[in-house]
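Position one of the sequence shown corresponds to residue 48 (the working numbering), numbered consecutively onward. Written out below as structure tokens is the structure these notes cover.
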Amino acid sequence: MTTSNGSARVVAHANIALAKYWGKSDVTRNLPAVPSLSLTLGGLRTVTQVTIDPTLSSDTAVLDGAATTGRALARITELLARVRKLAGETAPARVESSNEFPTAAGLASSASGFAALALAAVHAYGLTLEPAAVSALARASSASAARSVFGGFVTLGAGAEAAAPLAGPEHWPLVMLVAVTVPGPKSIGSTDGMQHTAATSPYYRAWLEAAPELFAAAQHAVLTRDLNALGAAMEQSTLLMHASMLGARPAVIYLAPATLAVMAAVTELRQRGVPAFYTMDAGPHVKVLTLPEYAAEVEHTLTSHPAVSGVIRCTPGPDAKVVSEGRA
Ligand code: PMV
48 MTTSNGSARV VAHANIALAK YWGKSDVTRN LPAVPSLSLT LGGLRTVTQV TIDPTLSSDT
108 AVLDGAATTG RALARITELL ARVRKLAGET APARVESSNE FPTAAGLASS ASGFAALALA
168 AVHAYGLTLE PAAVSALARA SSASAARSVF GGFVTLGAGA EAAAPLAGPE HWPLVMLVAV
228 TVPGPKSIGS TDGMQHTAAT SPYYRAWLEA APELFAAAQH AVLTRDLNAL GAAMEQSTLL
288 MHASMLGARP AVIYLAPATL AVMAAVTELR QRGVPAFYTM DAGPHVKVLT LPEYAAEVEH
348 TLTSHPAVSG VIRCTPGPDA KVVSEGRA
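The structure is reproduced here in structure tokens:
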């Protein structure tokens with residue numbers, strides 16, 4: 048067994064599902080119950096450095112400048128342990144990660160975070176793996192993170208170990224405007240939310256039945272660059288996902304009054320002939336998809352809306368990438 052002092056620094060981008068994943072077919076292995084399709088977003092970057100340090104007694108992690116403990120650190124250690132096992136290494140690592148987007152705004156950072164961590168750990172521990180194997184490592188920690196290993200439009204099949212690229216970022220220069228809504232109460236984490244929905248919602252079965260068809264429609268719309276078809280599938284996917292949560296006992300409610308107000312503003316834009324479509328995840332923020340020529344108008348509508356505290360403009364982003372690596 049060798050003990051190296053490798054390090055690697057990686058940049059990965061967040062992704063937003065156009066066709067959602069909600070529910071697991073295998074909880075232990077963290078496999079998704081339904082297929083999902085996402086867009087990797089150039090505007091939302093995470094930078095993660097992993098440095099192997101044999102002088103440490105266990106892994107340490109600093110996220111956005113604050114030392115991590117408890118469950119958050121345990122999830123990081125679990126991923127590092129899987130990489131160490133593959134590499135035949137034992138030395139702990141120091142992890143430093145920062146999100147170049149407002150985490151305080153409650154935007155999901157686990158996707159870019161675990162994708163960046165998986166790729167950085169693989170390189171720091173001296174492994175050479177295919178992107179699909181890196182994606183599988185990220186997926187075991189957070190299924191949506193599997194998709195952030197790849198740029199552009201990405202799929203993650205039902206029960207799949209790894210995500211797969213569908214089309215690169217240059218395929219279709221869509222714009223996604225992330226409307227950060229006024230803060231609400233802290234909500235339940237996605238894994239707990241999914242498990243609770245699966246266990247108690249009579250609508251979960253209907254969601255499982257409908258999701259593959261919406262995924263197929265979204266995939267076809269991406270490949271044919273048909274925004275109206277993509278928008279219709281995307282909105283139905285998020286609404287059915289949230290409907291399954293609303294049917295849980297007690298209900299899982301991520302949609303806030305501000306969310307509904309922004310959804311109405313997007314629908315109104317569309318009634319005026321502006322192609323704009325919404326999607327929401329495990330939080331109150333609204334992500335709006337449009338074409339570049341309409342982006343300024345949609346952005347103006349969102350920015351001037353009283354329920355919106357800020358707008359982040361994103362375009363299709365690239366693969367997760369190693370920006371530097373070393374071996375001491
Ligand atoms: O992979 P997780 O645990 O972050 O779950 C992601 C769930 C959604 O964001 C709501 C949907 C998705 O496909 O990203």
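Heads up, the beta-carbon is just placed ideally off N, CA and C, and yes, glycines get one too.
(request) Use the C-beta contact count for H347: other C-beta atoms within 10 angstroms, 16 or more gives buried, fewer gives exposed. (result) Locating residue 347 in the sequence shown gives position 300, where the first residue counts as 1. So H347 ends up on the exposed side.
(request) Count the C-beta pairs between the segment 63-78 and the segment 160-172 that are closer than 8 Å, then say yes if the count reaches three, no if not. (result) As far as the Cβ criterion goes, the segment 63-78 does not touch the segment 160-172, which means the pair count is below three.
(message) Counting C-beta neighbours from all protein chains within 10 Å, is the total for M48 16 or more, i.e. buried, or is it exposed?
(response) Position 1 of the sequence shown, counted from the start, is the residue given in the question as residue 48. Since pLDDT at M48 reaches only 45, below the 50 mark, its modelled position is unreliable, and no value is offered.
(message) I'd like to confirm something about K67: is its beta-carbon nearer than 8 Å to some heavy atom of the ligand PMV, or not?
(response) Taking the sequence shown and counting its residues from 1, one reaches residue 67 at position 20. Yes, Cβ of K67 sits closer than 8 Å to a heavy atom of the ligand PMV.
(message) Along the chain, where does the alpha helix (DSSP H) containing D328 start, and where does it finish?
(response) Counted from its first residue, the sequence shown places residue 328 at position 281. For D328, no alpha helix (DSSP H) segment is defined, and its DSSP state is neither H nor E.
(request) Answer with buried or exposed for T50, where buried requires no fewer than 16 other C-beta atoms within 10 angstroms of its C-beta. (result) Within the sequence shown, the letter at position 3 stands for residue 50. At T50, the pLDDT of 48 sits below 50, so the modelled position is not reliable; the number obtained from the coordinates is stated separately. When all chains shown are included, T50 counts as exposed.
(request) Tell me whether S85 counts as near the ligand PMV, meaning its Cβ is closer than 8 Å to at least one heavy atom of that ligand. (result) As a first step, residue 85 is located in the sequence shown; it is residue number 38 there, counting from the start. True, at least one ligand heavy atom lies under 8 Å from that Cβ.
(message) Please tell me whether, using a cut-off of 8 Å, the distance from the CB of N62 to the nearest non-hydrogen atom of the ligand PMV is below it.
(response) Stepping through the sequence shown from its first residue, residue 62 is reached at position 15. Yes, the Cβ of N62 comes within 8 Å of a heavy atom of the ligand PMV.
(request) With DSSP as the reference, please indicate the residues paired to A342 in a beta bridge. (result) The sequence position of residue 342 within the sequence shown is 295, counting from 1. Within the DSSP secondary-structure output, A342 pairs in no beta bridge.
(message) In the DSSP assignment, the alpha helix (DSSP H) including P304 goes from what residue to what residue?
(response) Locating residue 304 in the sequence shown gives position 257, counting from the first residue. Looking at the DSSP string, the run of the alpha helix (DSSP H) that includes P304 is 304-318.
(message) Within a Cβ cutoff of 6 Å, which residues of the same chain sit near A258, ignoring the five residues on either side of it in sequence?
(response) As a working note, residue 258 is residue 211 in the sequence shown. If we look at A258 and ignore the five residues flanking it on each side, its Cβ neighbours are V81.
(request) Determine, using beta carbons only, whether S291 and Y325 come nearer to each other than 9 Å. (result) Stepping through the sequence shown from its first residue, residue 291 is reached at position 244. Stepping through the sequence shown from its first residue, residue 325 is reached at position 278. Contact: no.
(request) Find out if the Cβ-Cβ distance for the pair S156, S188 is shorter than 9 Å. (result) The sequence position of residue 156 within the sequence shown is 109, counting from 1. The sequence position of residue 188 within the sequence shown is 141, counting from 1. No, they are not a contact pair.
(message) Checking the sheet assignment: what are the DSSP bridge partners for D73?
(response) Sequence index remark: in the sequence shown, residue 73 carries index 26 (1-based). Answer is L78.
(request) Enumerate in chain order the residues of its own chain whose CB-to-CB distance from R194 is below 6 Å, with the five nearest sequence positions on each side excluded. (result) Within the sequence shown, residue 194 is the residue found at index 147, counting from 1. Only N62, S85, V201, L203, A210 meet the Cβ criterion.
(request) Spatial neighbours of Q96 within its chain, please: CB distance less than 6 Å, with the 5 preceding and 5 following residues excluded, ordered by chain position. (result) As a position in the sequence shown, residue 96 is number 49, starting the count at 1. The beta carbon of Q96 sits closer than 6 Å to the beta carbons of R56, E143 from its chain, once the five residues preceding and following it are set aside; these are given in chain order.
(message) For chain C, check one thing: does any of its Cβ atoms lie closer than 9 Å to the Cβ of S356?
(response) This model lacks chain C altogether; it includes just one protein chain.
(message) Does P353 pass the burial test, meaning 16 or more other C-beta atoms within 10 Å, or should it be called exposed?
(response) Along the sequence shown, read from residue 1 onward, the residue named residue 353 stands at position 306. That one is exposed.
(message) Could you check if D111 belongs to the surroundings of the ligand PMV, using beta carbon to heavy atom distance under 8 Å?
(response) Locating residue 111 in the sequence shown gives position 64, counting from the first residue. No - the ligand PMV has no heavy atom lying nearer than 8 Å to the Cβ of D111.
(request) Quick one: give me the first and last residue of the alpha helix (DSSP H) that G215 is part of. (result) Locating residue 215 in the sequence shown gives position 168, counting from the first residue. Taken as a continuous stretch (DSSP letters only), G215 belongs to no alpha helix (DSSP H), as it is neither H nor E.
(message) Less than 8 Å separating the Cβ of A190 from some heavy atom of the ligand PMV?
(response) By 1-based counting over the sequence shown, the position of residue 190 is 143. It does: the Cβ of A190 is within 8 Å (strictly closer) of some heavy atom of the ligand PMV.
(request) Would you check if the distance between the CB atom of M241 and the CB atom of K334 is smaller than 9 Å? (result) Against the sequence shown, residue 241 aligns to sequence position 194. Against the sequence shown, residue 334 aligns to sequence position 287. No, Cβ-Cβ distance for M241 and K334 is not below 9 Å.
(message) As a quick exercise: from A183, R374, N146, P79, pick the residue whose alpha carbon is nearest that of L133.
(response) By one-based count along the sequence shown, residue 133 stands at place 86. Nearest of A183, R374, N146, P79 to L133, Cα basis: A183.
(request) Go ahead and pull the three-state DSSP assignment for K67. (result) Counting from 1 along the sequence shown, the entry for residue 67 is found at position 20. Coil at K67, not helix or strand.
(request) Keeping to the same chain, check which residues put their C-beta closer than 8 Å to that of T124; ignore five residues upstream and five downstream. (result) Taking the first residue of the sequence shown as position 1, residue 124 is located at position 77. Counting only Cβ-Cβ distances below 8 Å, and skipping sequence neighbours, we find S105, D106.
(message) According to DSSP, is E256 part of a helix, a strand, or is it coil?
(response) Here the question's residue 256 lines up with position 209 in the sequence shown. DSSP, reduced to helix, strand and coil, places E256 within a helical segment of the structure shown.
(request) Can you say whether A295 is buried or exposed, counting buried as having 16 or more other CB atoms within 10 angstroms of its CB? (result) Here residue 295 corresponds to residue number 248 of the sequence shown, with the count starting at 1. By the neighbour-count criterion, in which a residue is buried when 16 or more other Cβ atoms sit within 10 angstroms of its Cβ, A295 is buried.
(message) Using 8 Å for Cβ pairs, my map puts W69 next to M327. What's the rounded Cβ distance?
(response) Residue 69 sits at position 22 when you count from the first residue of the sequence shown. Residue 327 sits at position 280 when you count from the first residue of the sequence shown. The pair is not a contact, with the Cβ atoms about 12 Å apart (cut-off 8 Å).
(request) Please name the residue in A245, T285, P249 whose C-alpha comes closest to that of F262. (result) One-based indexing of the sequence shown puts residue 262 at position 215. Sorting A245, T285, P249 by C-alpha distance to the C-alpha of F262 places T285 at the top.
(message) By alpha-carbon positions, which one of E208, E344, G135 ends up nearest to R76?
(response) Locating residue 76 in the sequence shown gives position 29, counting from the first residue. Sorting E208, E344, G135 by C-alpha distance to the C-alpha of R76 places E208 at the top.
(request) Could you say which of S248, H218, K368, A312 lies nearest to V269 if we only look at CA atoms? (result) Counting from 1 along the sequence shown, the entry for residue 269 is found at position 222. Selected option, being the one with the closest Cα: H218.
(message) For N275, report the span of its alpha helix (DSSP H) as first-last.
(response) Residue numbering aside, residue 275 sits at position 228 when the sequence shown is read from its first letter. 274-293 is the span of the alpha helix (DSSP H), which, as asked, contains N275.
(message) Between D73 and the ligand PMV, is there a pair consisting of the residue's CB and a ligand heavy atom that are separated by less than 8 Å?
(response) For the purposes of this step, residue 73 is taken as the residue at position 26 of the sequence shown. Checking the Cβ of D73 against the ligand PMV gives no.
(message) Whole angstroms are fine: how far does the CA of I235 sit from the CA of S126?
(response) Reading the sequence shown from its first residue, position 79 is the one you call residue 126. Reading the sequence shown from its first residue, position 188 is the one you call residue 235. The residue asked about is misnamed: residue 126 is Leu in this sequence, not Ser. Each residue's CA atom was taken as its position, placing L126 and I235 some 22 Å apart.
(request) Keeping to the same chain, check which residues put their C-beta closer than 6 Å to that of V313; ignore five residues upstream and five downstream. (result) If you number the sequence shown from 1, residue 313 lands on position 266. Around V313, the same chain offers A323, Y325, V335 as residues with beta carbons nearer than 6 Å, after the five sequence neighbours per side are excluded.
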